[in-house]
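J.: Residue numbers (the working numbering), protein chains in the order written: chain X, 1 to 186; chain Z, 187 to 344. Cβ atoms here follow ideal geometry from the backbone N, Cα and C, with glycine treated the same way.
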Amino acid sequence: MRTTRRQAIGAALAATAAGAYGAAARPAAAAPTNDERRKLAQSALTAALRVEQTCVVAYEAIANSGHLSVRTTALMRSLLDDDRQHATQLLAALESQGVQPPIPPRRATIRGLGAVHDDRSAAVFAIALEERAVGAYSEAVRNLSDANLLRTIAGAMGTDGQHLVVLRQLAARVPVPSAFERGIRP
Amino acid sequence: MSTAAAEGDAAVLNALLDQEHSSIAAYTLIAGHLRGAALASARRFVAQERRHADVLARAVGALGGTPTPPRPTAEYAQGFPRLRSARDALSFALDVETTAVAAYSDALGKIATDGIRVTAASILVTEAEHASVVLGDLGRPQVPQPFVTGPPPQADTP
Numbered sequence: 001m002r003t004t005r006r007q008a009i010g011a012a013l014a015a016t017a018a019g020a021y022g023a024a025a026r027p028a029a030a031a032p033t034n035d036e037r038r039k040l041a042q043s044a045l046t047a048a049l050r051v052e053q054t055c056v057v058a059y060e061a062i063a064n065s066g067h068l069s070v071r072t073t074a075l076m077r078s079l080l081d082d083d084r085q086h087a088t089q090l091l092a093a094l095e096s097q098g099v100q101p102p103i104p105p106r107r108a109t110i111r112g113l114g115a116v117h118d119d120r121s122a123a124v125f126a127i128a129l130e131e132r133a134v135g136a137y138s139e140a141v142r143n144l145s146d147a148n149l150l151r152t153i154a155g156a157m158g159t160d161g162q163h164l165v166v167l168r169q170l171a172a173r174v175p176v177p178s179a180f181e182r183g184i185r186p
Numbered sequence: 187m188s189t190a191a192a193e194g195d196a197a198v199l200n201a202l203l204d205q206e207h208s209s210i211a212a213y214t215l216i217a218g219h220l221r222g223a224a225l226a227s228a229r230r231f232v233a234q235e236r237r238h239a240d241v242l243a244r245a246v247g248a249l250g251g252t253p254t255p256p257r258p259t260a261e262y263a264q265g266f267p268r269l270r271s272a273r274d275a276l277s278f279a280l281d282v283e284t285t286a287v288a289a290y291s292d293a294l295g296k297i298a299t300d301g302i303r304v305t306a307a308s309i310l311v312t313e314a315e316h317a318s319v320v321l322g323d324l325g326r327p328q329v330p331q332p333f334v335t336g337p338p339p340q341a342d343t344p
């Protein structure tokens, strides 16, 4: 199969960035059609919404648990407010495209939530969620072309990165460990 | 990919590259006014800005363009504020980072190459993270708004 110049450039850049992490670069695949791209973007937006919905449900449970300090409880409520606004925007974007949005998860189905018992475990749990959110948004950015939606996604991604900073500081981790914050693919 | 699209991406990336060169020059000045943890952060951030510049320059080359070289530091410094204290330096660092976030946000909708758009987004997030650390050093809220790029456009706004 012939590789287009665009695919070659994308693969070269991915290799450069992947090299920074020591990960293997993936070979270039065939370019998706416009319809495939639309479906990939919708799938990525749905995945991002699912993570943001999980954040909302989990942070509310953690903030109401009584296990955290006053300061960390306030932090969780602040993150909750931001992520609720992200979820609202994603929901509107999906509904405008005629996509059925996912149903928010129940607390009992959120993996790791039951293990949160203090400030540090709350931070570690939330770091994993926020990294998944950034990863989901990265996939959406790859397949989106709408400039307004890209700007909204970038805004939510950046704020989730800032969530990561305060959570990493709470967990006594390096706040900005990488020059390229890609998160984790959900 | 068409030649026009490649040239368009190279132009957008070259503008971002010049932005990164300016950030590197700015942090060199900023670091001279900081101590302790804030200085350590500034050093880490300037190293990350160099990584951004390196990746952008490689991408411009891969697109068939010529990466914009850094201008003399004095040329960038002409546009910098006069720094009298650590607080001035941190405020300037915040300006540098918020300017970078805005530049990457504007660029995302103009980049045609998928992989480059993802890398640009990953840099935007890192710049937002830098801003959050600086905000903390300034004693200000570290996550000041739900969207770092400002409020999303409203569908019913004329």
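Within the 9 Å Cβ cut-off, does Z/G301 reach chain X?
T.: Locating residue 301 of chain Z in the second sequence gives position 115, where the first residue counts as 1. True, the Cβ-Cβ gap to chain X drops below 9 Å.
J.: At a CB distance below 7 Å, what residues from the segment 151-168 of chain X approach chain Z? Give them in sequence order.
T.: Listed by position along the chain: R151, T152, A154, G155, A156, M157, G158, T159, G161, Q162, H163, L164, V165 and V166.
J.: Checking contacts by CB at 9 Å: is Z/T252 closer than that to chain X?
T.: By one-based count along the second sequence, residue 252 of chain Z stands at place 66. Not an interface residue.
J.: Please confirm whether X/G183 has its beta-carbon closer than 9 Å to some beta-carbon of chain Z.
T.: Start at 1 with the first residue of the first sequence, and residue 183 of chain X comes out as number 183. It does: the Cβ of X/G183 has a partner Cβ on chain Z nearer than 9 Å.
J.: Below 8 Å on the Cβ atoms is my contact criterion, and I expect X/V99 with X/Q42 to pass it. Report the Cβ-Cβ distance as a whole number of Å.
T.: On the first sequence, residue 99 of chain X is found 99 positions in, with the first residue counted as 1. On the first sequence, residue 42 of chain X is found 42 positions in, with the first residue counted as 1. Contact flag correct, Cβ pair sits at about 5 Å.
J.: Counting C-beta neighbours from all protein chains within 10 Å, is the total for X/V70 16 or more, i.e. buried, or is it exposed?
T.: Within the first sequence, numbered from 1, the residue matching residue 70 of chain X stands at position 70. Flag for X/V70 reads exposed.
J.: How long is the line joining the alpha carbons of Z/D240 and Z/L324, rounded to whole angstroms?
T.: On the second sequence, residue 240 of chain Z is found 54 positions in, with the first residue counted as 1. On the second sequence, residue 324 of chain Z is found 138 positions in, with the first residue counted as 1. If I take the Cα positions, the gap works out to 29 Å.
J.: Using the beta-carbon count (16 or more within 10 Å), is X/E130 buried or exposed?
T.: Against the first sequence, residue 130 of chain X aligns to sequence position 130. Buried: at least 16 other Cβ atoms inside 10 Å.
J.: Name the two residues that bound the continuous alpha helix (DSSP H) containing X/H67.
T.: As a first step, residue 67 of chain X must be located in the first sequence, where it is residue number 67. Counting along the chain, X/H67 falls outside any alpha helix (DSSP H), and DSSP gives it neither H nor E.
J.: Determine whether the Cβ of Z/A197 lies closer than 9 Å to any Cβ atom of chain X.
T.: Counted from its first residue, the second sequence places residue 197 of chain Z at position 11. It does not; no Cβ of chain X falls within 9 Å.
J.: Just mark X/N35 as buried or exposed, buried being the case when its beta carbon has 16 or more other beta carbons within 10 Å.
T.: By one-based count along the first sequence, residue 35 of chain X stands at place 35. In the sequence under discussion, the amino acid at residue 35 of chain X is Asp, which differs from the Asn named in the question. Counting Cβ neighbours within 10 Å, X/D35 comes out exposed, since fewer than 16 surround it.
J.: Measure the Cβ-Cβ separation of Z/L310 and Z/L294 and say whether it is below 9 Å.
T.: In the second sequence, the residue the question calls residue 310 of chain Z occupies position 124. In the second sequence, the residue the question calls residue 294 of chain Z occupies position 108. Closer than 9 Å, so yes.
J.: Closest by CA to Z/G301, which one among Z/V319, Z/G336, Z/V246 and Z/G251?
T.: Along the second sequence, read from residue 1 onward, the residue named residue 301 of chain Z stands at position 115. It is Z/V246.
J.: Could you give the first and the last residue of the continuous alpha helix (DSSP H) run that contains Z/Q234?
T.: In the second sequence, counting from the first residue as 1, residue 234 of chain Z sits at position 48. Residues G222 to A248.
J.: Against X/R142, what residues of chain Z qualify as contacts under a CB-to-CB distance less than 8 Å, listed in chain order?
T.: Along the first sequence, one-based indexing puts residue 142 of chain X at 142. Neighbours of X/R142 on chain Z, chain order: D300, G301, R303 and V304.
J.: Are there 16 or more other CB atoms within 10 angstroms of the CB of X/A23, so buried, or fewer, so exposed?
T.: As a first step, residue 23 of chain X must be located in the first sequence, where it is residue number 23. Its pLDDT being 34, under 50, X/A23 is placed unreliably in this model, and the coordinates cannot settle the point.
J.: Which of the three DSSP states is assigned to Z/L324 in this structure?
T.: Counting from one through the second sequence, the residue named residue 324 of chain Z turns up at place 138. Coil, per DSSP.
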